[in-house]
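Residue numbers (our numbering), protein chains in the order written: chain A, 56 to 238; chain B, 4 to 249.
For each residue, glycine too, the CB sits at the ideal point set by N, CA and C.
If you want it as structure tokens, here you go:
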């Protein structure tokens with residue numbers, strides 16, 4: 056029951072955070088989340104920061120550039136979007152750390168099924184991603200050159216794209232084979 | 004050559020729980036010894052290989068490579084790191100994770116170029132011929148079959164003339180013919196080889212000594228490989244053998 060309540064709280068909080076545009080309110084909400092996270096504050100903060108910093112920097116710099124060229128105000132929008140994205144990400148990590156999603160979604164067999172599929176894909180990909188990182192570390196005798204890192208990243212992206220397509224095809228075929236689509 | 008003292012390691016699960024991977028492992032491996040690391044899925048074989056390759060550091064215990072303690076500080080020493088990475092090489096279970104160069108030639112030459120070896124071209128050609136992959140030298144490695152990728156990875160590792168070869172389930176992606184070729188090849192290699200597998204049929208041909216990890220991540224047995232494989236009771240106790248009801 057605890058897991059279902061946490062998930063319900065999270066869903067409600069996401070709706071509130073995405074529909075309310077007051078910066079002070081969002082900042083206050085974030086402070087409350089910081090306090091609730093307790094001893095895990097630093098860990099969650101770091102995870103959320105690194106998860107959003109790349110994407111948000113691109114959006115913020117692009118918006119700032121266009122606003123400066125067009126002479127529009129920019130500060131409020133940039134603060135709002137960054138605050139909201141960071142708060143949602145922090146909440147996501149906070150809830151994942153506390154909720155057993157399998158228990159929380161146990162009321163729906165379809166949701167549980169989708170969760171199992173997504174979870175198994177994430178675990179498989181995570182294990183392979185870790186192996187990619189370990190393999191590079193193992194093979195690099197001296198510091199890798201920029202060219203090598205470009206090759207490594209592009210080869211990893213290609214591998215995961217191909218694997219995603221192949222896995223999706225296989226999962227779909229397996230589901231069809233087991234009568235999931237009813238055809 | 005390799006000595007582990009009371010090595011323990013665990014991982015953190017999604018709910019922040021501690022998942023043990025290895026518990027108080029003690030072992031010693033001599034130069035040019037061929038060791039087979041046995042254990043069921045999840046017993047800690049891959050974790051042990053990663054510790055031996057200095058990719059992860061144990062939470063507890065000590066690892067000595069050629070009498071020098073191998074830890075984070077030791078591998079931060081660039082000169083030692085260079086020697087260790089050249090001497091101890093690791094063939095991962097999925098060769099795809101090791102391949103990232105545009106051609107098979109570049110893949111094999113990668114380590115040699117890092118070491119600034121003079122006769123890179125000569126060595127690449129020698130090893131590619133030894134593995135019968137010379138015809139693919141200008142081909143992107145990701146276009147090759149699983150067995151061919153495995154050969155490219157092995158060539159890329161062995162051209163460095165290492166002293167220790169770590170193999171994680173090397174036959175997992177191979178057809179029977181390539182598996183047979185690999186076993187013959189490994190038997191003739193004058194190196195210290197540690198092979199992780201749960202395939203008992205192959206194990207017999209992969210070494211003379213075995214380390215067996217239990218499902219509880221402890222050292223269940225270490226010693227003569229053939230004696231262990233011939234001991235049905237021990238195999239069943241290690242969950243490596245199942246007796247059919249019929």
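Within the segment 27-72 of chain B, the complete beta strand (DSSP E) segments of 3 residues or longer fall at 37-42, 63-68, listed in chain order. Within the model, the alpha-carbon separation for residue 219 (chain A) versus residue 229 (chain A) is close to 15 angstroms. In this structure, the beta-carbon distance from residue 30 (chain B) to residue 214 (chain B) falls below 8 angstroms.
Put simply, the CB of residue 42 (chain B) is far from chain A, with every gap to its CB atoms at 8 angstroms or more.
A buried status is given to residue 198 (chain B), since no fewer than 16 other beta-carbon atoms sit within 10 Å of its beta-carbon.
Listed by position along chain B, the residues whose Cβ is nearer than 9 angstroms to that of residue 169 (chain A) form an empty set, because the closest Cβ is around 17 angstroms away.
DSSP, read as helix, strand or coil, puts residue 223 (chain B) in strand.
Considering only beta carbons, no part of the segment 156-181 of chain B lies closer than 7 angstroms to chain A.
From the listed residues B:103, B:181, B:71, the smallest Cα separation to residue 135 (chain B) is found for B:181. In terms of Cα proximity to residue 21 (chain B), the closest of B:62, B:131, B:86 is B:62. Between the beta-carbon of residue 139 (chain A) and that of residue 72 (chain A) there is about 6 angstroms, and that keeps the pair under the 8 angstroms contact cut.
Here the alpha carbon of residue 47 (chain B) sits roughly 27 angstroms from the alpha carbon of residue 83 (chain B). By the criterion of at least three beta-carbon pairs nearer than 8 angstroms, the segment 117-124 of chain B is not in contact with the segment 175-194 of chain B.
Looking at the DSSP output, residue 8 (chain B) bridges to B:65. Judged by their CB atoms, residue 170 (chain A) and residue 160 (chain A) are nearer to each other than the 8 angstroms cut-off. In the DSSP assignment, residue 208 (chain B) falls outside any beta strand (DSSP E) and carries neither an H nor an E. For the pair residue 137 (chain A) and residue 111 (chain A), the CB atoms are nearer than the 8 angstroms cut-off.
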